[in-house]
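J.:
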Amino acid sequence: MANPVDLVEVWRGDLLECVHQGHAVVCDDTGQIVESWGDPTAIIYPRSSCKMIQALPLVASGAAANLTGQQLAIASASHNAAAIHTDLVGKWLADLDMTDDDFRCGPALPMDEAARNALICSGTAPCQIHNECSGKHAGFLTLKKHLKAGPDYELIDHPVQKAVKSAFEEVTGETSPMYGIDGCSAPNHACSVHGLARAMAFFASAQDRSDVLSTAAARLTQAMATFPEFVAGETRTCTDLMRAMDHKVAIKTGAEGVFIAIIPEKRLGVAVKIMDGSQRGRDCAIAAILVRLGVLDPNHPAAVARRTPAIFNRRGLTTGFIRPAPLLA
1 MANPVDLVEV WRGDLLECVH QGHAVVCDDT GQIVESWGDP TAIIYPRSSC
51 KMIQALPLVA SGAAANLTGQ QLAIASASHN AAAIHTDLVG KWLADLDMTD
101 DDFRCGPALP MDEAARNALI CSGTAPCQIH NECSGKHAGF LTLKKHLKAG
151 PDYELIDHPV QKAVKSAFEE VTGETSPMYG IDGCSAPNHA CSVHGLARAM
201 AFFASAQDRS DVLSTAAARL TQAMATFPEF VAGETRTCTD LMRAMDHKVA
251 IKTGAEGVFI AIIPEKRLGV AVKIMDGSQR GRDCAIAAIL VRLGVLDPNH
301 PAAVARRTPA IFNRRGLTTG FIRPAPLLA
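Under full-length UniProt numbering, the first residue of the sequence shown is numbered 1, with each subsequent residue one higher.
(1) Between which residues of its own chain and E169 is the CB-CB distance below 7 Å, once the five residues before and five after are set aside?
(2) Classify D82 as helix, strand or coil using the three-state DSSP reduction.
(3) What does DSSP give as the partner residue(s) for A310 in the beta ladder?
(4) Would you mind sorting Q21 into buried or exposed? The rule is 16 or more other CB atoms within 10 Å of its CB.
(5) For P187, list the residues DSSP reports as bridge partners.
(6) How long is the line joining the alpha carbons of K145 and Q70, rounded to whole angstroms?
(7) What residue range does the alpha helix (DSSP H) around G281 cover?
(8) Taking all protein chains shown into account, do 16 or more other C-beta atoms lie within 10 angstroms of the C-beta of F321, making it buried, or fewer, making it exposed?
(9) Measure the CB-CB distance between K252 and S49 and report whether it falls below 7 Å.
(10) Would DSSP call S205 helix, strand or coil?
(11) Please return the same chain residues whose Cβ sits closer than 6 Å to the Cβ of I84, not counting the five positions on each side in sequence.
(12) Name the DSSP beta bridge partners of Q21, please?
(13) How should G38 be labelled, buried or exposed, when 16 other C-beta atoms within 10 angstroms of its C-beta is the threshold for buried?
(14) Under 8 Å: do the stretch 184-198 and the stretch 206-218 share three or more Cβ pairs, one atom per stretch?
(15) For the alpha helix (DSSP H) containing F168, name the first residue and the last one.
(16) Just checking my contact of A55 with S76 at CB under 8 Å: how many whole Å lie between their CB atoms?
(17) Rounded to whole angstroms, how far is the Cβ of M98 from the Cβ of G233, which I believe are closer than 8 Å?
(18) Under DSSP, the beta strand (DSSP E) around S36 begins and ends at which residues?
(19) Whose C-beta lies closer than 7 Å to the C-beta of S166 among residues of the same chain, with five residues either side of it excluded?
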């Protein structure tokens, strides 16, 4: 990708030891760039940051008519597989008259420490319901059932994935040039950083429109902001920062350094891509932009922990700090 810029600095003592470079775009409800850093045309995979886009056909089709806000939040989630997550997805599966075997996301150890330790100590193998994407896949299964389509809903030519691609291209305003297979086996369509920010601005301004896709986007945004614990989980950046912003902003991380934000009050969408894929880089960058836009208090503990955290060694001594680069500060 051409021309990434310094977004995050890592200092040890008085020496700038590391820099995380990347691209970021803030987009308004007309699709225009309000601010940008790096190359807005850089092509990326949004990875899990676009799960609310992947859930659009679920809601727009009418298949989600009886789903709760918690279910829509977890359909847009990369959850910890804590009990609140697996209990919700398990009940959802039962309501569909389906089982773990109907998933196509693959098994994974829970990110939640208590749930992971319980599995390990009991000698129980993880199931697909423990996959951080099982909520998204429960949404796919719901849409598959609604469409009376075949079981392999993760395949690119399946009606579910055709609907996802159509929605993705509509809200990004781009024809996706390619796709990759995500960690959960679902296709992940590429777009520009600007396209991803444009899609988030579509969600941020959805309440201003009454068409089917906008109504679906508004419902998903509200679910994410209202139930941040189902979008990620305790101690996770998505959950902590949404709570810190009083449930007024929806944010979602993705693998390999991607982060998005949906800001309904300002009708703004944000997309961040950190080139080295680091978690600390993407967390600092999104927090810095949210502070810059006036929706996150820089002094809130959740903001400090991501935007300007101290670095400690194993004895608890402060050895350095992370901060936004001057372009973002």
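Don't be surprised by glycine CBs; every beta carbon is placed ideally from N, CA and C.
T.: Taking the definition as stated:
(1) Excluding residues within five positions, the ones whose Cβ falls inside 7 Å are T175 and S176.
(2) Residue identity differs from the one stated: residue 82 is Ala in this sequence, not Asp. A82: coil per DSSP, three-state reduction.
(3) F321
(4) buried
(5) DSSP lists I181 as partners of P187.
(6) 20 Å
(7) Q279 to R292
(8) Exposed, because fewer than 16 other Cβ atoms sit within 10 Å of the Cβ of F321.
(9) yes
(10) coil
(11) none
(12) D6
(13) Answer is buried; the Cβ neighbour count reaches 16.
(14) no
(15) Annotation for F168: the continuous alpha helix (DSSP H) segment containing it runs P159 to T172.
(16) The C-beta distance from A55 to S76 rounds to 5 Å, short enough to fall under 8 Å.
(17) Contact flag wrong, Cβ pair sits at about 24 Å.
(18) I33 to W37
(19) none
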